[in-house]
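**Q** Read top to bottom, the protein sequences are chains A and B.
Per my numbering, the first sequence runs over residues 1 to 299.
Per my numbering, the second sequence runs over residues 1 to 299.
One structure is given below, represented as structure tokens, and several questions about it will come after.
Protein chains: 2
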Amino acid sequence: MRARAPASSANLGPGFDTLAVALDLHIEVEVELADRLSVRTTGEGAELATDASHLAARVAMGVIGHDRLSITVSSAVPVGRGLGSSAALAAATAAAAGAPDPLAVAAEADGHPENAAASVMGGLVAAAIIRGQPTAVGLPLDPGLSFVVLVPERPLPTATARQALPPVVPHADAAFNLGRMGLLVAGLADHRMLVREATEDRLHQAARSPLFPEASQLLSGLLDAGARAVCWSGAGPSLLGICDQGLATEVRDAGETLLAEAGVAGRAIALRPDITGLTVGGQPWQPRQSAQPAPLGQQ
Amino acid sequence: MRARAPASSANLGPGFDTLAVALDLHIEVEVELADRLSVRTTGEGAELATDASHLAARVAMGVIGHDRLSITVSSAVPVGRGLGSSAALAAATAAAAGAPDPLAVAAEADGHPENAAASVMGGLVAAAIIRGQPTAVGLPLDPGLSFVVLVPERPLPTATARQALPPVVPHADAAFNLGRMGLLVAGLADHRMLVREATEDRLHQAARSPLFPEASQLLSGLLDAGARAVCWSGAGPSLLGICDQGLATEVRDAGETLLAEAGVAGRAIALRPDITGLTVGGQPWQPRQSAQPAPLGQQ
Numbered sequence: 001m002r003a004r005a006p007a008s009s010a011n012l013g014p015g016f017d018t019l020a021v022a023l024d025l026h027i028e029v030e031v032e033l034a035d036r037l038s039v040r041t042t043g044e045g046a047e048l049a050t051d052a053s054h055l056a057a058r059v060a061m062g063v064i065g066h067d068r069l070s071i072t073v074s075s076a077v078p079v080g081r082g083l084g085s086s087a088a089l090a091a092a093t094a095a096a097a098g099a100p101d102p103l104a105v106a107a108e109a110d111g112h113p114e115n116a117a118a119s120v121m122g123g124l125v126a127a128a129i130i131r132g133q134p135t136a137v138g139l140p141l142d143p144g145l146s147f148v149v150l151v152p153e154r155p156l157p158t159a160t161a162r163q164a165l166p167p168v169v170p171h172a173d174a175a176f177n178l179g180r181m182g183l184l185v186a187g188l189a190d191h192r193m194l195v196r197e198a199t200e201d202r203l204h205q206a207a208r209s210p211l212f213p214e215a216s217q218l219l220s221g222l223l224d225a226g227a228r229a230v231c232w233s234g235a236g237p238s239l240l241g242i243c244d245q246g247l248a249t250e251v252r253d254a255g256e257t258l259l260a261e262a263g264v265a266g267r268a269i270a271l272r273p274d275i276t277g278l279t280v281g282g283q284p285w286q287p288r289q290s291a292q293p294a295p296l297g298q299q
Numbered sequence: 001m002r003a004r005a006p007a008s009s010a011n012l013g014p015g016f017d018t019l020a021v022a023l024d025l026h027i028e029v030e031v032e033l034a035d036r037l038s039v040r041t042t043g044e045g046a047e048l049a050t051d052a053s054h055l056a057a058r059v060a061m062g063v064i065g066h067d068r069l070s071i072t073v074s075s076a077v078p079v080g081r082g083l084g085s086s087a088a089l090a091a092a093t094a095a096a097a098g099a100p101d102p103l104a105v106a107a108e109a110d111g112h113p114e115n116a117a118a119s120v121m122g123g124l125v126a127a128a129i130i131r132g133q134p135t136a137v138g139l140p141l142d143p144g145l146s147f148v149v150l151v152p153e154r155p156l157p158t159a160t161a162r163q164a165l166p167p168v169v170p171h172a173d174a175a176f177n178l179g180r181m182g183l184l185v186a187g188l189a190d191h192r193m194l195v196r197e198a199t200e201d202r203l204h205q206a207a208r209s210p211l212f213p214e215a216s217q218l219l220s221g222l223l224d225a226g227a228r229a230v231c232w233s234g235a236g237p238s239l240l241g242i243c244d245q246g247l248a249t250e251v252r253d254a255g256e257t258l259l260a261e262a263g264v265a266g267r268a269i270a271l272r273p274d275i276t277g278l279t280v281g282g283q284p285w286q287p288r289q290s291a292q293p294a295p296l297g298q299q
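And the structure:
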């Protein structure tokens, strides 16, 4: 079978490990029975080893239970840049392999239920782990918003980014992020209410800044160029400018200039949200009633 | 002038210092010019000193600039029980005194922008402080939800409840609350998606439990009686069961029994959300364009 899943941008500032938005950049996977394992990849991530260690191979073998598979991956999602490529690949592969619950498979494979949920459900999601199970809900997303992504050429492994986080935080900082997330959820539902403070964060971005010293100036530049709010995309190094749709091209162009001025090799892309999520055989993926864990809500 | 504001329940589990819902229980305040200060109160809080130290007197004098005022307060909101009585009283008094921005006055007087925002805007709100200014947004609230409140007779001063909070928390606990708040916002918008885990919290409820040892068993009892989710109301001691409207009477009755069985003097009340918020002269309060801080969004 053939399945397709969108990239995603997680955290969105205050919503650490919780919020994610699906973006119009996709990974397509085909899984077929064959005499022996083969993995063919084109596009982003084509440099990775195409053996049994490839994430698509591991996911497909886990779902089907053997390795006599021909797997074809075609990806437009940069790897290791904070755009949820692992979650999208795992979700598309799980669906192409016939998994009844691609979200659970992708969340398990990737470790990030919010990226997996965005790739499966599309749109804006909030996710959490309840008793070991990924649980996700859709949240309203204003169709008038676009997302400009600055994608540096150098990857920033999520594990490295995670090690930069402090083990404890001031109680006031935990409360700070809750307040900002409230403003953000309302602002993403209605762009007129999106204020730049809505993406402020005290849980991860500052701690990760030493890993990407130019981030702060690039984010400021996106705001100056007209983005309503800015943040890191996932664990970085990609950076996000949330824009009114009509300004996306302008902000994207400014982003190209900002990268050049900062001496950061990379590119700026303007993306619409993906509101479809996972598709299988060209049709939106539908949960099988019996296979869905009770708390999984999909809007 | 005469103004009226609803009570509110803040935090709602994970949304510490952020979320609040306005409830159908009100404080009415009339402020008139007079020869000298007088404060008359009926209903809840009538035992408080009716001199210049009364919150209504302090707010009205602050707005108008002198003390030649006759102030009449009629309240159905229990004081010191975690139902936002101070914020409601301050909001109604500020509006009755002609303040252009009752939210700012009430947030300043009460110290809790989320309670003040719920009392002014009605419905479900998220609030935060941005550069010293309270900023609030409305969030969707399913009209099919009711709120059963267990109101113990003994008050629990907010200052005491706040001292119980730890100065630092594990980073994972801060992330935990963000995830739960995402689920909660979706569940309050659509009751079918409200799972009991959505009100789980690691930032304040457990730390405050020694102040109200019976809370845990009362909350469990509300769930057993049919509440979809349960939590402390504000800093307590009131406890909240969030129910489908059709079950509210049943859960309320169970709440009375639970209080009696636990030996906690108090009462259980079933309340609908208040979706109107602050009214002045019987009309919903409308912000004057010029007096509103830019980031104040009202849906």
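Here a beta-carbon is modelled for each residue, glycine too, at the ideal position from N, C-alpha and C.
1) In angstroms, rounded to a whole number, what distance separates the CA positions of residue 124/B and residue 8/A?
2) Taking only runs that begin and end inside the stretch 243-271 of chain A, name each unbroken beta strand (DSSP E) of 3 or more residues, in chain order.
3) So if I threshold CB-CB distances at 8 angstroms, which residues from the stretch 34-61 of chain A count as touching chain B?
4) Distance, Cα to Cα, residue 284/B vs residue 275/B?
5) Taking the alpha helix (DSSP H) that residue 59/A falls in, what are its first and last residues?
6) Please classify residue 296/B: does DSSP put it in a helix, a strand, or coil?
7) To test your reading of the DSSP string, which unbroken alpha helix (DSSP H) runs of 4 or more residues are found completely within the stretch 30-56 of chain B?
8) Are the CB atoms of residue 156/B and residue 241/B nearer to each other than 8 angstroms?
9) Between residue 205/A and residue 13/A, what straight-line distance do the alpha-carbon atoms span, to the nearest angstrom?
10) Taking DSSP as the reference, what is the three-state secondary structure of residue 13/B?
11) Taking 8 angstroms as the CB-CB limit, is residue 191/B close to chain A?
12) Measuring straight from C-alpha to C-alpha, what distance separates residue 247/B and residue 191/B?
13) Using CA atoms only, rank isn't needed, just tell me which of 143/A, 132/A, 93/A and 146/A is closest to residue 120/A.
14) Shorter than 8 angstroms from the beta carbon of residue 175/A to some beta carbon of chain B?
15) Measuring alpha carbon to alpha carbon, tell me which residue in 174/A, 67/A and 224/A is nearest residue 202/B.
16) On a Cα-Cα basis, can you pick out the residue from 196/B, 22/B and 181/B that is closest to residue 131/A?
17) Do the CB positions of residue 15/B and residue 178/A come within less than 8 angstroms of each other?
18) For residue 239/B, which option in 269/B, 263/B, 261/B and 245/B has the closest C-alpha, if you only look at C-alpha atoms?
19) Flag this pair as touching only if the stretch 21-31 of chain B and the stretch 96-113 of chain B have three or more C-beta atom pairs under 8 angstroms; answer yes or no.
20) What three-state label does DSSP hand residue 191/B in the structure shown?
21) Measuring CA to CA, which of 5/A, 24/A, 278/A and 72/A is closest to residue 38/A?
22) Quick one: is residue 302/A buried, meaning 16 or more other Cβ sit within 10 Å of its Cβ, or exposed?
23) Go ahead and pull the three-state DSSP assignment for residue 18/B.
24) For residue 276/B, name the three-state secondary structure that DSSP assigns.
25) Would you check if the distance between the CB atom of residue 153/A and the CB atom of residue 20/A is smaller than 8 angstroms?
26) Could you give the distance in angstroms between the alpha-carbon of residue 286/A and the alpha-carbon of residue 110/A?
27) For residue 117/A, does the count of other Cβ atoms within 10 angstroms reach 16, so buried, or fall short, so exposed?
28) Ordered along the chain, which non-local residues of its own chain (more than five positions away) have a Cβ less than 6 angstroms from that of residue 237/B?
29) Checking contacts by CB at 8 angstroms: is residue 99/B closer than that to chain A?
30) For the stretch 86-145 of chain B, which segments carrying the alpha helix (DSSP H) assignment without a break, of at least 4 residues, lie completely within its bounds, in sequence order?
31) Whole angstroms are fine: how far does the CA of residue 169/B sit from the CA of residue 106/B?
32) For chain C, check one thing: does any of its Cβ atoms lie closer than 8 angstroms to the Cβ of residue 82/B?
33) Using the rule of at least 16 other Cβ atoms within 10 Å of the residue's Cβ for burial, across every protein chain shown, is residue 102/B buried or exposed?
34) Could you tell me which chain A residues have their CB closer than 7 angstroms to the CB of residue 166/B, listed as they occur along the chain?
35) Could you list which residues in chain B have their beta carbon closer than 7 angstroms to that of residue 365/A, in chain order?
36) If you reduce the DSSP assignment to three classes, tell me which class residue 286/B lands in.
**A** In this structure, then:
1) Position 124 of the second sequence holds residue 124/B. Position 8 of the first sequence holds residue 8/A. About 28 angstroms.
2) 266-271
3) Cβ contacts with chain B: none found.
4) Against the second sequence, residue 284/B aligns to sequence position 284. Against the second sequence, residue 275/B aligns to sequence position 275. Distance between the alpha carbons of residue 284/B and residue 275/B is about 10 angstroms.
5) Working through the first sequence from its first residue, we reach residue 59/A at position 59. It spans 55-64 - the alpha helix (DSSP H) in which residue 59/A sits, taken as one unbroken run.
6) The residue you call residue 296/B lines up with position 296 of the second sequence. Reliability fails at residue 296/B, whose pLDDT of 35 lies under 50, so the model's placement of it is uncertain and the value that follows must be treated cautiously. Residue 296/B: coil per DSSP, three-state reduction.
7) none
8) Counting from one through the second sequence, the residue named residue 156/B turns up at place 156. Counting from one through the second sequence, the residue named residue 241/B turns up at place 241. No, they are not a contact pair.
9) Sequence index remark: in the first sequence, residue 205/A carries index 205 (1-based). Sequence index remark: in the first sequence, residue 13/A carries index 13 (1-based). Going from the Cα of residue 205/A to the Cα of residue 13/A covers about 8 angstroms.
10) On the second sequence, position 13 is the one that residue 13/B refers to. Coil, per DSSP.
11) Along the second sequence, read from residue 1 onward, the residue named residue 191/B stands at position 191. So no, residue 191/B is outside the interface.
12) If you number the second sequence from 1, residue 247/B lands on position 247. If you number the second sequence from 1, residue 191/B lands on position 191. Residue 247/B and residue 191/B: Cα-Cα distance of roughly 13 angstroms.
13) As a working note, residue 120/A is residue 120 in the first sequence. That would be 93/A, whose Cα lies nearest to the Cα of residue 120/A.
14) Within the first sequence, the letter at position 175 stands for residue 175/A. Yes, contact with chain B.
15) Taking the first residue of the second sequence as 1, we reach residue 202/B at position 202. Here the closest residue by C-alpha is 174/A.
16) For this step, residue 131/A is matched to residue 131 along the first sequence. The shortest Cα separation from residue 131/A among 196/B, 22/B and 181/B belongs to 196/B.
17) Your numbering for residue 15/B matches position 15 in the second sequence. Your numbering for residue 178/A matches position 178 in the first sequence. Yes, the pair counts as a contact, with Cβ atoms nearer than the cut-off.
18) Taking the second sequence and counting its residues from 1, one reaches residue 239/B at position 239. Residue 269/B is the option with its Cα nearest to residue 239/B.
19) Touching, yes.
20) As a working note, residue 191/B is residue 191 in the second sequence. Three-state result, residue 191/B: helix.
21) Within the first sequence, residue 38/A is the residue found at index 38, counting from 1. Nearest C-alpha to residue 38/A: 72/A.
22) Not covered by the structure: residue 302/A. The range shown for chain A is 1 to 299.
23) Within the second sequence, numbered from 1, the residue matching residue 18/B stands at position 18. Coil, per DSSP.
24) Residue numbering aside, residue 276/B sits at position 276 when the second sequence is read from its first letter. Note: residue 276/B maps to coil in three-state DSSP.
25) Reading the first sequence from its first residue, position 153 is the one you call residue 153/A. Reading the first sequence from its first residue, position 20 is the one you call residue 20/A. The Cβ atoms of residue 153/A and residue 20/A lie no closer than 8 angstroms to each other.
26) Looking up residue 286/A in the first sequence gives position 286. Looking up residue 110/A in the first sequence gives position 110. Each residue's alpha carbon lies about 21 angstroms from the other.
27) Counting from one through the first sequence, the residue named residue 117/A turns up at place 117. Label assigned to residue 117/A: buried.
28) Taking the first residue of the second sequence as 1, we reach residue 237/B at position 237. For residue 237/B, where only same-chain residues beyond five positions count, the Cβ hits under 6 angstroms are 152, 156 and 212.
29) Within the second sequence, the letter at position 99 stands for residue 99/B. No - not a single Cβ of chain A is within 8 angstroms of the one on residue 99/B.
30) 102-110 and 113-121
31) Mapped onto the second sequence, residue 106/B falls at position 106. Mapped onto the second sequence, residue 169/B falls at position 169. Their backbone Cα atoms lie some 29 angstroms apart in a straight line.
32) No chain C appears in the structure shown, which is made up of the protein chains A and B.
33) For the purposes of this step, residue 102/B is taken as residue 102 along the second sequence, with counting starting at 1. The residue in question, residue 102/B, is buried, as its Cβ has 16 or more Cβ neighbours within 10 Å.
34) To locate residue 166/B, count along the second sequence from 1; it is residue 166. By Cβ distance, chain A contributes 171.
35) The question about residue 365/A has no answer here: the residues shown for chain A are numbered 1 through 299.
36) On the second sequence, position 286 is the one that residue 286/B refers to. DSSP places residue 286/B in coil when its eight states are reduced to three.
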